[in-house]
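*Asks:* Here it is, the structure, as structure tokens.
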Amino acid sequence: MQYKAVIIGGSAGSFQVVTKILNSMPKNFDIPMFLCLHRLKHVRSGFVEALSLKSNLTIVEPFDKDTIKKGIVYLAPANYHMYFQFGQKFSLSTEPSVNHSRPSIDLSFFSAANSYRDKLIGIILSGANKDGAQGIKRIKELGGTVIVQDPNDAQIKTMPLSALELITPDHILTTEGIINFLNNVK
Amino acid sequence: MDITISDIKNISEKIREHIGININNFAQEALKSRINNINTTYDIRNIDTLISYIENGKITPDDFLHHFSVPFTEMFRDPSMWRKLKDDLISNSKDRYFKIFLPSCSTGDEYYSLLILLDEIGILNSSHITVSSWSKKTIATIKEAIIPAKKMEINVANYKRFEGKGNIESYFESNKIKNLQKNTEFLNISIFDSKMPINQDIIIFRNKFIYFTQDTQNIVLEKLHNSLKIGGKLIIGIKENIFLTESTNSKFAKICEEDRIYKKK
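Protein chains in written order, with our numbering: chain V, 153 to 338; chain S, 85 to 349.
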């Protein structure tokens, strides 16, 4: 396998894109997928269920120190930052918000970049702020493959445009393009 | 600043020598982030400067510990847990005197939430609270009870979800919590200290296990187990997991899965 993990960051306008991606992934998708999505702090249940409705994949919110497993989709829990430890475990944190966000996409992307280096695919989707731009830059710097949702395809362009201000991604793709890319991951 | 594993190796001994803690007890991502917090606080750009500040006392041990702790950022975080605690205390409150321990506090948010809860159900005067922190500066800050204005929006929202009796703002004078600090003992000890309080009815230790390595979590859990009386309750963070070993299963029974409330067997 060329890649060992996928991490996706999104905010306003990303839910439908993420749902489409999850609904199109094959059952035998063989690497872990991490979702760091801005969400309401106090709503603890319902999100995993909504994402799971039509997906072939198992979607869970990790507990601290849970082991990362292949083929599972992990959603960053509300009101926690999500990090990845060497040794393939999650590490959660309640440190203050970054860019007004907890989970912070930047923090998760930085940590994933450090853990997976060139074996990581980082994807930034629709959103109304700059969170994730610095993180995707870090993924690129450490050799990962980075994809930015085409701003013309994004419901809210700010997040993709902020990423594009900092980096030239490997791919700028529509939702369909992202789905095709992930379905061909080897 | 990007903290590397080699940086951690370099400062580990210095911190043990000058600050008196073993940073290898802490999960690596958390550790990097807390050292970064200290560096940002003191405008430090590299590990050598951090080491010299620690050696020459520009960063005192107490200051280091104060800034190393992860601040709690809101009162009544996870309101459903506070509702369950309230119901539990009410159902057990007849003729009872509660001992409640909040170890390793980094801010007063959990403590103030508890004070308000106990006041609202009328058992503040018949409770004994112990608040501990490894930093004197942290304890002084908790006693000062100032809540930054920017935290109030979330505090108000959480209090409403907690279904508090009145208006959380009535507990404040200006930006300070009113004088509810009754029956509270403040202890300047670390979680690894041998002089932990005993016979506690409830320990609230939320979102602190996450910062330790798995081995250290087991040591800390043993300490907390020793502090509780039989039947006493331990409350941890909703995304923390202590049921990792057989020995934990023999020590605690799960009371509430969702809000991570356990009972000492």
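Each residue gets a CB set at the ideal place from its N, CA and C atoms; glycine is no exception.
Is there a C-beta anywhere in chain S that falls below 8 angstroms from the one on V:Ser260?
*Replies:* For V:Ser260, the answer is no, since every Cβ of chain S falls outside 8 angstroms of its Cβ.
*Asks:* From the beta carbon of V:Asp216, is the nearest beta carbon of chain S less than 8 angstroms away?
*Replies:* For V:Asp216, the answer is yes, since a Cβ of chain S falls inside 8 angstroms of its Cβ.
*Asks:* Would you list the residues sitting across from S:Lys347 in a DSSP beta bridge?
*Replies:* According to DSSP, which records beta bridges pairwise, S:Lys347 is partnered with S:Lys317, S:Ala337.
*Asks:* With DSSP run on the structure shown, which of helix, strand or coil describes S:Gly60?
*Replies:* Outside the modelled stretch of chain S, which goes from 85 to 349, sits residue 60 of chain S, for which no answer is possible.
*Asks:* Using a Cβ distance threshold of 8 angstroms, determine whether the stretch 85-97 of chain S contacts the stretch 109-126 of chain S, with at least three qualifying pairs required.
*Replies:* Yes: the two stretches touch, three or more of their Cβ pairs being nearer than 8 angstroms.
*Asks:* Name, going along the chain, the residues of the stretch 153-171 of chain S whose beta-carbon falls closer than 9 angstroms to a beta-carbon of chain V.
*Replies:* Answer in chain order: Val154, Pro155, Phe156, Thr157, Glu158, Arg161, Asp162, Pro163, Ser164.
*Asks:* What ranges does the alpha helix (DSSP H) occupy inside the stretch 175-253 of chain S, keeping only unbroken runs of at least 4 residues that lie completely in it?
*Replies:* Qualifying alpha helix (DSSP H) stretches, in chain order: 193-204, 220-228, 236-246.
*Asks:* With three or more beta-carbon pairs closer than 8 angstroms as the criterion, would you say the stretch 205-214 of chain S touches the stretch 292-304 of chain S?
*Replies:* Flag = no, the stretch 205-214 of chain S and the stretch 292-304 of chain S do not touch.
*Asks:* Where do the N-terminal and C-terminal ends of the alpha helix (DSSP H) with V:Glu293 fall, by residue?
*Replies:* Taken as a continuous stretch (DSSP letters only), the alpha helix (DSSP H) holding V:Glu293 covers 285-293.
*Asks:* Indicate the three-state DSSP secondary structure (helix, strand or coil) for S:Lys260 in the structure shown.
*Replies:* Reduced to three states, the DSSP call for S:Lys260 is strand.
*Asks:* Please state the DSSP three-state secondary structure of V:Asp258.
*Replies:* Residue state, collapsed to three classes: helix.
*Asks:* Within 8 angstroms (strictly less), CB to CB, does S:Lys260 reach chain V?
*Replies:* So no, S:Lys260 is outside the interface.
*Asks:* What are the boundary residues of the alpha helix (DSSP H) that V:Asp216 is part of?
*Replies:* Where V:Asp216 is concerned, there is no enclosing alpha helix (DSSP H), given that its DSSP letter is neither H nor E.
*Asks:* What does DSSP give as the partner residue(s) for V:Val127 in the beta ladder?
*Replies:* Residue coverage of chain V in this structure runs from 153 to 338, which leaves residue 127 of chain V outside it and unanswerable.
*Asks:* Any beta-carbon of chain V closer than 8 angstroms to the one on S:Lys235?
*Replies:* It does not; no Cβ of chain V falls within 8 angstroms.
*Asks:* I need the DSSP call for S:Leu312, collapsed to helix, strand or coil.
*Replies:* Strand at S:Leu312.
*Asks:* In whole angstroms, what separates the C-alpha of S:Asn121 from that of S:Ile143?
*Replies:* Roughly 13 angstroms separates the two Cα atoms.
*Asks:* If I measure Cβ to Cβ from V:Arg196 and keep anything under 6 angstroms in the same chain, skipping five residues before and after, which residues do I get?
*Replies:* Excluding sequence neighbours, V:Arg196 sits near Ala230.
*Asks:* Tell me which same chain residues have a C-beta within less than 8 angstroms of the C-beta of S:Lys168, skipping the five on either side of it?
*Replies:* Counting only Cβ-Cβ distances below 8 angstroms, and skipping sequence neighbours, we find Cys340, Asp343, Ile345.
*Asks:* Which class does S:Glu113 belong to by DSSP, given the choice of helix, strand or coil?
*Replies:* Helix.
*Asks:* So does the stretch 216-227 of chain S actually touch the stretch 128-138 of chain S, counting three or more Cβ pairs closer than 8 angstroms?
*Replies:* Touching, no.
*Asks:* Report the neighbours of S:Ile135 on chain V: residues whose CB is nearer than 9 angstroms to its CB, in chain order.
*Replies:* Near S:Ile135 there are no residues of chain V at all, since even the closest Cβ is about 23 angstroms away, more than 9 angstroms.
*Asks:* Using CA atoms only, rank isn't needed, just tell me which of V:Val298, V:Val300, V:Gln307, V:Lys156 is closest to V:Lys222.
*Replies:* It is V:Lys156.
*Asks:* By how many angstroms is the C-alpha of V:Asp216 removed from the C-alpha of S:Lys323?
*Replies:* Each residue's Cα considered, the two are about 6 angstroms apart.
*Asks:* Grab me the residues of S:Glu204's own chain with a C-beta within less than 6 angstroms of its C-beta, minus the 5 sequence neighbours each way, in chain order.
*Replies:* Excluding positions up to five away in sequence, the list reads Lys249.
*Asks:* At what residues does the alpha helix (DSSP H) containing V:Gln168 begin and finish?
*Replies:* Unbroken alpha helix (DSSP H) run through V:Gln168: 167-176.
*Asks:* S:Ser117 CB to nearest chain V CB: under 8 angstroms?
*Replies:* It does: the Cβ of S:Ser117 has a partner Cβ on chain V nearer than 8 angstroms.
*Asks:* Please state whether DSSP places S:Asp285 in a helix, a strand or coil.
*Replies:* Correct three-state label for S:Asp285: strand.
*Asks:* Which whole-angstrom value is the C-beta distance of V:Met311 and V:Asn281, which I expect to be below 8 angstroms?
*Replies:* V:Met311 to V:Asn281, Cβ: 7 angstroms. Contact.
*Asks:* In this structure, what does DSSP give as the bridge partners for V:His233?
*Replies:* According to DSSP, which records beta bridges pairwise, V:His233 is partnered with V:Ser245.
*Asks:* Helix, strand or coil for V:His323? Go by DSSP, reduced to three states.
*Replies:* Reduced to three states, the DSSP call for V:His323 is strand.
*Asks:* What span of residues does the alpha helix (DSSP H) with V:Phe199 cover, start to end?
*Replies:* From DSSP, the alpha helix (DSSP H) with V:Phe199 extends over 199-204.
*Asks:* Residues of chain S with a CB under 8 angstroms from the CB of V:Thr171: which are they?
*Replies:* Per Cβ cutoff of 8 angstroms: no residues; V:Thr171 is ~23 angstroms from chain S at best.
*Asks:* Check for me: the beta strand (DSSP E) holding S:Thr297 runs from which residue to which?
*Replies:* Taken as a continuous stretch (DSSP letters only), S:Thr297 belongs to no beta strand (DSSP E), as it is neither H nor E.
*Asks:* Return the CA-CA distance between S:Lys348 and S:Glu330, expressed in angstroms with no decimal places.
*Replies:* Rounded to whole angstroms, S:Lys348 to S:Glu330 spans 15 angstroms at the Cα level.
*Asks:* If you compare alpha carbons, which of S:Tyr243, S:Asp193, S:Arg245, S:Asp277 is closest to S:Lys227?
*Replies:* Closest option to S:Lys227, Cα to Cα, is S:Asp193.
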